[in-house]
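Only one structure is covered here, and it is reproduced in the block below.
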Amino acid sequence: MHTHASPSGASPPGAPAFAVERTLGRLGKWLRLLGFDALLETECPPAKFPQRCGEGRILLTRTRRVLAALPERAAIFIRADDPFAQAAQVLRELGLSACDLRPFSRCLRCNLPIEAIGRQQARGAVPDYVWQTAPGFGRCPRCLRLYWAGTHTARSLERIQRLFEARP
Ligand SMILES: [Zn+2]
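In the working numbering, the protein residues as written are 48 to 215.
Now the structure itself:
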């Protein structure tokens, strides 16, 4: 959980949700880090994945055959090999800007919004120095993993900013 995350940790209204093809797992994790709902094919029962794609999710694919079979805007064909460049492409194609992101508001493992918890609830569950210094804590409602603002935050935010500069 980070101080700049929205209080509820939820995506802003109208935020796109994604279904991410098997080969694009690292891109999917990037999108979760940015706060987007990103369903990974690798975490979904095989029979269920195509069906979930139809639930208003934008399919991210590297398969032209799959792309051709779908209505326009239902899928994005990912060109780059590097997950960072792939994430930049998705943001660009959807016309998203930094204010559409909710970085660090979603559990990277479970794809669920992180819920804010009180300091007392975090006590004993995180290292003492973290408990004393972190401005706030959050918890994934499913895996119960704790999140807090760490030293990596400034660097991660810089990297996120560069997503919008990495325009080919
Ligand atoms: Zn989780």
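Idealized CB from N, CA, C, for every residue including glycine.
Using a Cβ cut-off of 8 Å (strictly closer), state whether residue i contacts chain D.
{"i": "L193", "result": "The chain inventory of the structure shown lacks chain D, comprising one protein chain alone."}
Applying the criterion that 16 or more other CB atoms from any shown protein chain within 10 Å of the CB defines a buried residue, is residue i buried or exposed?
{"i": "Y194", "result": "buried"}
{"i": "L106", "result": "buried"}
{"i": "P93", "result": "exposed"}
{"i": "E205", "result": "exposed"}
{"i": "A66", "result": "buried"}
{"i": "Q133", "result": "buried"}
{"i": "L191", "result": "exposed"}
{"i": "A85", "result": "buried"}
{"i": "R108", "result": "What sits at residue 108 in the sequence shown is Thr, not Arg. That one is buried."}
For residue i, verify whether its CB is less than 7 Å away from any heavy atom of ligand 1.
{"i": "R189", "result": "yes"}
{"i": "C91", "result": "no"}
{"i": "R139", "result": "no"}
{"i": "L86", "result": "no"}
{"i": "L159", "result": "yes"}
{"i": "A149", "result": "Here residue 149 is Arg; the residue named in the question, Ala, does not match the sequence. Outside the cutoff, so no."}
Tell me the residue span of the beta strand (DSSP E) that contains residue i.
{"i": "I164", "result": "162–164"}
{"i": "T108", "result": "105–108"}
{"i": "A66", "result": "64–67"}
Could you give the first and the last residue of the continuous alpha helix (DSSP H) run that contains residue i?
{"i": "L86", "result": "From DSSP, L86 is part of no alpha helix (DSSP H) but of the beta strand (DSSP E) over 84–87."}
{"i": "F96", "result": "96–100"}
- Task: Mind listing, in chain order, the continuous alpha helix (DSSP H) runs of no fewer than 4 residues lying wholly within the stretch 124–194?
- Result: You should have 130–140, 166–169, 175–180.
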